[in-house]
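*Asks:* Those letters in the sequence shown? Residues 11 to 232, by my numbering. In this text, a Cβ means the ideal position worked out from N, Cα and C, and glycines have one as well. Every value quoted in this text rests on a predicted model; they were computed, and no experiment measured them.
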Amino acid sequence: MKIWTSEHTFNHPWETVATAAWRKYPNPHNPAVIGTDVVERTVVDGVLHTHRLVSTKWYFPKWTQALIGSAKVCYASEKSQVNPNNREMILNTINLTFCRHIAVNETLKYVPHPGDPEKTLLKQEAVVTVKGVPLNNYMEDILTNKISLNAGKGRQAMEWVISKLDSEVKGIASSNLIHQTKKSLDDITTSAKKSMDDISLKAMKSLDDIHNLANSPNHQEI
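So, in structure tokens, the structure goes:
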């Protein structure tokens, strides 16, 4: 059995990182993950519980395939809890494919950084166990190194998703600004038109008054 642990700090608030974690796949940094499907989702005491099926492609060396078999698509069960009140998100993933010989139990925990609440701390742990095949220690090392490599790609993917979220927010803000500007211009145009109409009416009334005064029987020229 091999245990791999890691910690990483995101320079973003917990709410942003938690949102990005939901929208992490698909992304160009983790092409091995080809799909996620929600199996069940419930809310208990304000905590969101979600069970997802994750589809991936694992590229094992040919000699390992001879020992554990091969599969075009590998599946894993992911169960998560999101507690917005405590600002905590925990994801636990266990492989379903090759589980006769390989067990990979991975946990990710996102919490506000204890030193800076505007940052997010990711605590990651993976327990790898290979049994029933030769060279099990060597295979555990291979899997652990693969997990470490994928973790780095996963962090890059999170930053990529957060960047997309920022672009979407800016796009919405820009759209609202354009809408507000257009409305302001429409209001100005409407106000200006109303003012011109009022001026025209007053001018016409003045001309009518002058005309009436000129044609009045009591009008006397000097």
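#1: So, do the segment 55 to 66 and the segment 116 to 131 have three or more beta carbon pairs nearer to each other than 8 Å?
#2: Tell me the DSSP bridge mates of residue 62?
#3: Should the segment 113 to 120 be called in touch with the segment 81 to 100, which here means at least 3 C-beta pairs below 8 Å?
#4: Ordered along the chain, which non-local residues of its own chain (more than five positions away) have a Cβ less than 7 Å from that of residue 78?
#5: Less than 8 Å separating the beta-carbons of residue 44 and residue 65?
#6: Under the DSSP definition of a beta bridge, which residues are partnered with residue 99?
#7: Could you round the C-beta distance between residue 137 and residue 149 to whole angstroms and report it? I think they count as a contact, below 8 Å.
#8: Mark residue 13 as exposed unless 16 or more other C-beta atoms lie within 10 angstroms of its C-beta, in which case mark it buried.
#9: Could you tell me which of 95, 96, 94 and 114 sits nearest to residue 102, measuring between CA atoms?
#10: Drop a sphere of 10 angstroms on the beta-carbon of residue 179, count the other beta-carbons inside from all chains shown, and report buried for 16 or more, exposed for fewer.
#11: Determine the direct distance from the alpha carbon of residue 145 to that of residue 134, and round the result to whole angstroms.
#12: Just how far apart, CA to CA, sit residue 159 and residue 42?
#13: Would residue 165 pass as a contact of residue 22 if the rule is Cβ separation under 8 Å?
#14: Give every residue of the same chain whose Cβ lies closer than 6 Å to the Cβ of residue 81, excluding the five residues on either side of it in the sequence, and list them in chain order.
#15: If you draw a straight line from the alpha carbon of residue 97 to that of residue 11, how long is it in whole angstroms?
*Replies:* Short version:
#1: no
#2: 48 and 88
#3: yes
#4: 108, 111, 112 and 143
#5: yes
#6: 92 and 120
#7: Actually they are not in contact, since the Cβ atoms of residue 137 and residue 149 sit about 14 Å apart, beyond 8 Å.
#8: exposed
#9: 114
#10: exposed
#11: 26 Å
#12: 12 Å
#13: no
#14: 107
#15: 32 Å
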